[in-house]
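In our numbering, the protein residues as written are 56 to 950. Here a beta-carbon is modelled for each residue, glycine too, at the ideal position from N, C-alpha and C. Here is the structure we will look at.
Structure representation (structure tokens):
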């Protein structure tokens, strides 16, 4: 033995190996040489490799082979080999064995795999029995004994293969083959050529290819089948892969197992029960698919297809790859019946009934008649004058799949939505659309190759709340849309009527061109989007959504909670009416108002709690001001605003702003300049961002975020919250009347420097970082501040303060309120006075130290750390002390 053991694996070399395995499940490779290999007691895998090998599996369920590959992917054998299975249910494998090879399964139910597929023209004779031999052209090759099952693959010759009493697999491949399954549930594949197949007893499966046959064939499960000059079949219960010829074939398969069936150009009659992949030729076929999920691809001819109750795909078209595999030309008839079917037909006047289920139907060219049936169906008539019925369910029905390719104006389609909330789309041609019952959407005006469909469509929404959808242009089109919702609504494009609609309750219109659009909505919620023209838009009582791009626009939304978006462009006139409305104003370009506004617009929020949103992005615009009613830029009046209770402003740029809010709860965000922001009445939020800003909250409980820079902040009346940033500039903060809170955050560049506070928060306090003044405070009741680890002096107010002085020799004093004081306990002595109120003191030590507390925190307490006084504390009601992760000692000594 010159090879090498590696755990349970042995790998031989080019010598003659002698190996005896043990009790484990071992893998043994003999490689080159005449090897003697025995597996032992486990379930072993033994591969003799090249040479004349003697292999014995021993006990266990073993796999023995004399090649170094996997089943059915063998390299050729060299030498005369002997495979003995021994005890157990073993598997013995041969590839193209020759004279002198021996296979002995031994005890157990043993399987023999033999592959002669590399032999092209030799005739093979094999019969499984008590003593079995394999003959190739009458010459004995393998001596076989004690084999109960076989998987045998022959080559291209005329073969005679016979199985045994158990489940066998016999493959004839090419040539005129005779296959006998005998007992068991066998798999028999005759391949091409003349077939003589007999399954014998058991549930047997057969495959064969006689695509060259021209005679009529009747194929039925279990029956004797005459293939004419191509042979015969009997005792076959299941067909797996069958290719028939060009005759008028009749196929009736009651099996539940799946089948792949291909027929020729004859007029075939095919019925399946189980799942099936059916490809028929060019005749006029009648196909009844099963109920378990099928794929059916009829060829040319006037076919009739019944898809059964399963989910069936009848031909297909891959829009992404462009692969087209549809029902070919011919006037086809298709019945989807039950299931979620996919049906694709090509040219011809087809009749399609999707039946129940959520079906997808593409009818192709020709004047088709399509019924979706029950379910949520997708129907595309494509080219031709089609009649399309959605039926029950929420259906999507399109006259033309692609108006860019179907440009024939004579393709006048008729669409019926049926029951349900349907979506109907007209195409090229004078189409008619009927929404019928349900809340339907009827869409018209599809563009084709840059021209407009000028044929007149007729639309009727039917019962329900129905929507007229108009998309007549791409973004770059030029033209005018006129729509006025009425009992009979005329849709005009460039003055020409392109559609008439009845029983329409809502509009959904996108006219992005630069024409002067004229659109009038109704009493319900409309959606109207226009482009760069001078548009006139009127809506009724509903909650409407309107967007008008550049141009001098007139917008009147009537009553309802409306949402309107505009571009500041000139003498617009906007009236929002009653309701809780929202008007959003933007600029067209980040650098200027484009086109340059001609005059100033007037904008009236009407009654109700209305919100004005100014959302500008700019870099070159200067001196933007909004005082709550007038918007100006560079001294030029851009708009006058009335009736807006709330103002939200978000401006991006570097030049200063001057913006005032309304009487409601405003949100105003400055830009990068030195902004002036005023909230006025209401609970406002002002965001100064960068720059030296001035923020005035006015009345109400405001939130003022000063940002960086030298800011001036006034809370006004109300309980305000002021958030400021301490940097090299000094903020001036006045809380005003009310209970005001200030949170001061130090930038990283100065955090950790010594912080000193003098004065009082009410009358006036100065905060220094090192020697620089970073903030002045007055009329402030509560302060939140974290100063770092220097020797800090912090002062609280009458409210609820949060002061964290960190490490160092700190002095912290608060007044009234429930305060939270945090310090680090080190060798420097802190002085803490909580004042009145229910105050909490939190002290933390960073090392493994002994902490001793003496006295009463409410009156006077000394805290020692490691024998050194770390803090003198008074006026505290609650205490939390924490050490590091080591062994700390906390002692409380009362005096």
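In this chain, the beta strand (DSSP E) harbouring residue 857 covers 857-861.
Minimum Cα-Cα distance from residue 932 among the listed residues 568, 252, 890 corresponds to 890. Beyond the five residues adjoining it in sequence on each side, residue 913 comes within less than 8 Å, by CB distance, of 929, 930, 931, 932 in the same chain, given in chain order.
Looking at the DSSP output, residue 910 bridges to 916. Take residue 288, set aside five residues on each side of it, and the residues of its chain with a beta-carbon closer than 6 Å to its own are 252, 280, in chain order. Three or more pairs of CB atoms, one per stretch, sit closer than 8 Å, so the stretch 787-799 contacts the stretch 823-841. In the three-state reduction of the DSSP assignment, residue 806 falls in the coil class. Across the structure, residue 734 and residue 771 are spaced so that their CA atoms are roughly 10 Å apart. With contacts defined as CB atoms closer than 9 Å, residue 837 and residue 794 qualify as a contacting pair.
Residue 801 is a Cβ neighbour of residue 842, given a cutoff of 9 Å. In the structure shown, residue 236 falls within a coil segment according to DSSP collapsed to helix, strand and coil. Here residue 104 carries a coil assignment [DSSP, helix/strand/coil].
For residue 852, the three-state secondary structure derived from DSSP is coil. Here residue 602 is buried, its C-beta having at least 16 other C-beta atoms within 10 Å.
With a cut-off of 8 Å on Cβ pairs, the stretch 243-250 is not in contact with the stretch 182-198, counting fewer than three such pairs. Sorting 448, 213, 416 by C-alpha distance to the C-alpha of residue 441 places 416 at the top. Under the three-state reduction of DSSP, residue 284 is assigned to helix. When the alpha-carbon of residue 152 is set against those of 115, 209, 165, the nearest one is in 209. About 4 Å separates the beta carbon of residue 885 from that of residue 926, a gap short enough to meet the 8 Å contact definition.
Residue 421 sits close to residue 386, with the two beta carbons spaced by under 9 Å. Where residue 556 is concerned, the enclosing beta strand (DSSP E) starts and stops at 551-557. Here the alpha carbons of residue 554 and residue 497 stand approximately 11 Å from one another.
When the five nearest sequence neighbours on each side are left out, the beta carbons in the same chain lying within less than 6 Å of the beta carbon of residue 711 are those of 728, 729, 730, in order along the chain. The DSSP-derived three-state label of residue 587 is coil.
Scanning the stretch 590-641 from its first residue to its last, no whole alpha helix (DSSP H) run of 4-plus residues comes out. Buried is the label assigned to residue 572, since at least 16 other Cβ atoms lie within 10 Å of its Cβ. Taking C-beta atoms as the reference points, residue 218 and residue 236 count as a pair closer than 9 Å. Of the other Cβ atoms in all chains shown, 16 or more fall within 10 Å of the Cβ of residue 796; this residue is therefore buried. Only residues of its own chain outside the window of five on either side were considered, and among them 208, 210, 228 have a CB closer than 7 Å to the CB of residue 172, listed in chain order. For residue 343, the three-state secondary structure derived from DSSP is strand. Between the C-alpha atoms of residue 741 and residue 776 there is a straight-line separation of about 11 Å. Taking C-beta atoms under 8 Å as the contact rule, residue 486 and residue 472 fail to qualify, at a distance of about 13 Å.
Put simply, of 358, 586, 135, 159 the residue whose alpha carbon is nearest the alpha carbon of residue 146 is 159. DSSP, read as helix, strand or coil, puts residue 143 in coil. Taking the Cα of residue 627 as reference, the smallest distance to any Cα among 695, 390, 570 is reached at 695. Beta-carbon to beta-carbon, residue 517 and residue 492 are separated by about 6 Å, close enough to satisfy the 8 Å threshold.
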